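Residue numbers (the numbering used here): 167 to 260.
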């Protein structure tokens with residue numbers, strides 16, 4: 167599941183980056199057009215939102231009779247997949 171999520175997110179981010187380059191989206195700072203890389207924000211969201219949220223859900227389901235006690239694990243895996251996918255996308259397509 168982690169490998170498939172990583173490959174899926176990397177593909178989506180590479181496709182987004184290609185479209186961004188195609189349409190020349192960027193930020194203009196002091197007359198120069200600087201290319202903004204959203205993959206850094208995606209990586210940060212995976213590390214600082216999905217993984218802690220998944221850990222919180224996982225710890226919360228230890229002491230309760232939750233209907234789906236594995237949702238926290240899925241969130242952790244998705245957070246890792248998002249972070250690794252963004253990292254892989256940055257390596258493949260600068």
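From the three backbone atoms N, C-alpha and C, an ideal C-beta is built for every residue, glycine too. Bear in mind the structure is a predicted one, so any value in this text is a computation, not a measurement.
Residues near residue 168 in its chain [Cβ-Cβ closer than 7 Å; skip 5 each side]: Only 243, 246, 247 meet the Cβ criterion.
Whole-angstrom distance between residue 255 and residue 185, CA atom to CA atom: Rounded to the nearest angstrom, the two C-alpha atoms are 14 Å apart.
Segment contact, 8 Å Cβ cut-off, at least three pairs: the segment 202 to 213 with the segment 222 to 231: As far as the Cβ criterion goes, the segment 202 to 213 does not touch the segment 222 to 231, which means the pair count is below three.
Residue 220 to residue 233 span [Cα, whole Å]: About 16 Å.
Neighbourhood of residue 217 by C-beta distance below 6 Å, restricted to the same chain and skipping five residues each side: Once the five neighbours on either side are set aside, the close Cβ partners of residue 217 are 242, 245.
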